[in-house]
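K.L.:
Structure incoming, see below.
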Amino acid sequence: MINNDTSIENICTSQVNYYNMVDKRHYQFTRPQGHETRGKTARNRLRRVDNFVLMYTKSLLQKRFSKYRNVFVDVGYGEYPFTTIESAQRFHGVNKDLYIVGVEIDKERVLKASSFQKEHVDFRHGGFNLPLCEQSERASVIRAFNVLRQYEKKQVTKAYSAMLPYLTEGGILIEGTSDPLGRIWVANLFRKHHVCLQQEAVVFSTNFRCEFHPQNFQTVLPKNYIECVVAGEKMHDFFCGWKEAYRQSLYLRNWGERQIFQKSIALLAESGYPVNSCKKYTSRGYLILYVNDEKYV
Ligand SMILES: C[S@@+](CC[C@H](N)C(=O)[O-])C[C@H]1O[C@@H](n2cnc3c(N)ncnc32)[C@H](O)[C@@H]1O
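According to numbering that gives the first Met the number 0, the sequence shown is numbered sequentially starting from 0.
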């Protein structure tokens with residue numbers, strides 16, 4: 000049973016010998032790559048990210064490797080381990096054997112999370128060079144949310160390179176930024192393909208709790224796109240197209256934000272933008288923009 004009591008009071012910070020928390024036989028300890036940042040997080044902040052992963056690539060989470068333990072890694076879970084614990088609850092619903100590892104570069108935060116450790120849920124101290132065992136563990140999905148926004152742009156590709164070796168072939172890295180409650184977010188979706196990390200898509204997500212307008216997503220763009228909404232850049236062209244599609248969809252205003260969102264995506268698809276217009280995603284507030292032409296690492 001997962002400890003559901005994630006109240007701050009219950010997150011004990013004492014009487015745990017940090018060095019006993021991780022089974023050091025599992026991996027070689029190397030200096031964590033990266034640096035500590037603000038640890039702001041919130042319960043259910045990444046619920047929609049988990050739901051997206053389940054919809055997009057459930058089979059990866061369900062995979063059984065003959066030689067390795069299949070691992071989902073939550074990089075930079077923050078001051079409290081809410082997001083990792085919640086992902087464990089969701090993903091164990093489709094594969095109870097999936098190993099869930101929350102990684103934090105801040106030792107105090109690993110200490111706080113230790114009381115939530117249980118079978119198949121582990122919290123480890125580490126950085127982008129993930130604390131996974133090379134001999135026995137491979138990540139099918141790595142999530143790094145609200146982490147790289149606090150880094151300099153030039154460090155972003157280095158971070159991707161550092162995480163790549165821990166992914167299984169075909170595995171995904173979802174890296175993005177959300178608002179404080181996770182109502183709106185944008186994420187890069189990468190897949191390991193022939194030992195390289197290839198960008199597959201950029202995913203835009205809204206839960207329709209706030210007014211939908213394409214412009215709003217510009218406030219939560221991942222670090223690599225922040226400076227790309229300028230003339231001549233593909234992301235700028237995409238936003239221009241989406242804003243125009245939005246304008247043409249406004250006649251549906253009386254039906255609600257969801258209808259405007261869906262119609263704008265249908266119009267984008269008609270105009271030739273490589274977006275996924277399947278109702279399965281659009282009705283749930285996800286826009287998938289395919290960008291499979293860039294090799295990152
Ligand atoms: C803003 S919190 C994000 C928490 C959570 N992911 C969320 O979205 O709510 C960022 C966390 O990432 C951690 N962090 C930053 N760089 C890291 C790295 N290289 N490896 C592991 N954790 C890192 C920070 O210490 C901080 O606790």
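The beta carbon of each residue, even a glycine, is placed where N, CA and C say it ideally should be.
Bear in mind that the values here come from a model prediction, so they are computed numbers and not experimental data.
Measuring from the CB of K262, is there a heavy atom of ligand 1 at a distance below 7 Å?
P.N.:
The residue labelled residue 262 in the question sits at position 263 within the sequence shown. No; taking the cut-off as 7 Å, the Cβ of K262 has no heavy atom of ligand 1 nearer than that.
K.L.:
Within the same chain, show all residues whose beta-carbon is closer than 7 Å to that of P273, passing over the 5 residues directly before and after it, in chain order.
P.N.:
If you number the sequence shown from 1, residue 273 lands on position 274. Excluding positions up to five away in sequence, the list reads L288, Y289.
K.L.:
For G271, count the other beta carbons within 10 Å of its own beta carbon; 16 or more makes it buried, fewer makes it exposed. Which is it?
P.N.:
By one-based count along the sequence shown, residue 271 stands at place 272. Looking at its Cβ environment, which holds fewer than 16 other Cβ atoms inside 10 Å, G271 is exposed.
K.L.:
To the nearest angstrom, how far is it from the Cα of V21 to the Cα of G126?
P.N.:
For the purposes of this step, residue 21 is taken as the residue at position 22 of the sequence shown. For the purposes of this step, residue 126 is taken as the residue at position 127 of the sequence shown. Confidence at V21 is low in this model, with a pLDDT of 44, below 50, so its placement is unreliable and the value that follows should be read with caution. Spanning the two alpha carbons is a distance of roughly 15 Å.
K.L.:
With DSSP as the reference, please indicate the residues paired to G175 in a beta bridge.
P.N.:
As a first step, residue 175 must be located in the sequence shown, where it is residue number 176. BP columns for G175 point to F144, A186.
K.L.:
Taking only three categories from DSSP, how would you classify D236?
P.N.:
Mapped onto the sequence shown, residue 236 falls at position 237. Correct three-state label for D236: helix.
K.L.:
Measure the CB-CB distance between G170 and V194 and report whether it falls below 8 Å.
P.N.:
Here residue 170 refers to the residue found at position 171 of the sequence shown. Here residue 194 refers to the residue found at position 195 of the sequence shown. In this structure, the beta-carbon distance from G170 to V194 does not fall below 8 Å.
K.L.:
Span of the beta strand (DSSP E) holding L196?
P.N.:
By 1-based counting over the sequence shown, the position of residue 196 is 197. That run of the beta strand (DSSP E) goes 195 to 205.
K.L.:
If I'm right that S177 touches N145 with Cβ under 8 Å, what's the distance once you round it to whole angstroms?
P.N.:
Start at 1 with the first residue of the sequence shown, and residue 177 comes out as number 178. Start at 1 with the first residue of the sequence shown, and residue 145 comes out as number 146. That belief holds up - the Cβ atoms of S177 and N145 are roughly 6 Å apart, short of 8 Å.
K.L.:
Taking 7 Å as the cut-off, does the CB of V146 come closer than this to any heavy atom belonging to ligand 1?
P.N.:
For the purposes of this step, residue 146 is identified with residue 147 of the sequence shown, where counting begins at 1. Within the cutoff, so yes.
K.L.:
Might you give, ordered along the chain, the residues of its own chain that have their beta carbon closer than 7 Å to the beta carbon of R24, omitting 5 neighbours on each side?
P.N.:
In the sequence shown, the residue the question calls residue 24 occupies position 25. In this predicted model, R24 has a pLDDT of only 47, less than 50, meaning its place in the structure is not dependable; the value taken from the coordinates is given anyway. Closer than 7 Å at the Cβ level, and outside the excluded window around R24, lies no residue.
K.L.:
Distance, Cα to Cα, I232 vs E35?
P.N.:
Residue mapping note: residue 232 aligns to position 233 of the sequence shown, counting from 1. Residue mapping note: residue 35 aligns to position 36 of the sequence shown, counting from 1. The residue asked about is misnamed: residue 232 is Glu in this sequence, not Ile. Put simply, the backbone Cα of E232 is about 32 Å away from that of E35.
K.L.:
By DSSP, does E168 sit in helix, in strand, or in coil?
P.N.:
Here residue 168 corresponds to residue number 169 of the sequence shown, with the count starting at 1. DSSP places E168 in strand when its eight states are reduced to three.
K.L.:
At a cut-off of 7 Å, would you count A87 as near ligand 2, judging by its Cβ distance to the nearest heavy atom?
P.N.:
Among the ligands in the structure shown, ligand 2 does not appear; only ligand 1 can be found there.
K.L.:
Pull up the distance between the alpha-carbon of P221 and that of E174, whole angstroms please.
P.N.:
On the sequence shown, position 222 is the one that residue 221 refers to. On the sequence shown, position 175 is the one that residue 174 refers to. Going from the Cα of P221 to the Cα of E174 covers about 8 Å.
K.L.:
Apply the 10 Å Cβ neighbour rule to Y250 and answer buried if 16 or more other Cβ atoms are within range, or exposed otherwise.
P.N.:
Taking the sequence shown and counting its residues from 1, the one referred to as residue 250 is at position 251. When all chains shown are included, Y250 counts as exposed.
K.L.:
Under 7 Å: does the beta carbon of G101 sit that close to some heavy atom of ligand 1?
P.N.:
As a position in the sequence shown, residue 101 is number 102, starting the count at 1. Checking every heavy atom of ligand 1 against the Cβ of G101, none is found closer than 7 Å.
K.L.:
Put D49 into one of helix, strand or coil per three-state DSSP.
P.N.:
On the sequence shown, position 50 is the one that residue 49 refers to. Looking at D49 - three-state DSSP - the assignment turns out to be helix.
K.L.:
Please state whether DSSP places V93 in a helix, a strand or coil.
P.N.:
Counting from one through the sequence shown, the residue named residue 93 turns up at place 94. It is coil, neither helix nor strand.
K.L.:
For a test of the three-state rule: what should DSSP assign to K262, helix, strand or coil?
P.N.:
Here the question's residue 262 lines up with position 263 in the sequence shown. The answer is helix: DSSP assigns K262 an H, G or I state.
K.L.:
Nearest-angstrom Cα distance between T40 and R108?
P.N.:
The residue you call residue 40 lines up with position 41 of the sequence shown. The residue you call residue 108 lines up with position 109 of the sequence shown. Whole-angstrom Cα-Cα distance: 12 Å.
K.L.:
Are the CB atoms of Y285 and F51 nearer to each other than 8 Å?
P.N.:
The residue you call residue 285 lines up with position 286 of the sequence shown. The residue you call residue 51 lines up with position 52 of the sequence shown. Yes, they are a contact pair.
K.L.:
What I want to know is whether the C-beta of P221 ends up closer than 7 Å to one or more non-hydrogen atoms of ligand 1.
P.N.:
Position 222 of the sequence shown, counting from 1, holds the residue named residue 221. Incorrect: P221 has no Cβ contact closer than 7 Å to ligand 1.
K.L.:
Using the C-alpha atoms, what's the distance from Q134 back to F90?
P.N.:
Mapped onto the sequence shown, residue 90 falls at position 91. Mapped onto the sequence shown, residue 134 falls at position 135. Approximately 24 Å, taken between the alpha carbons.
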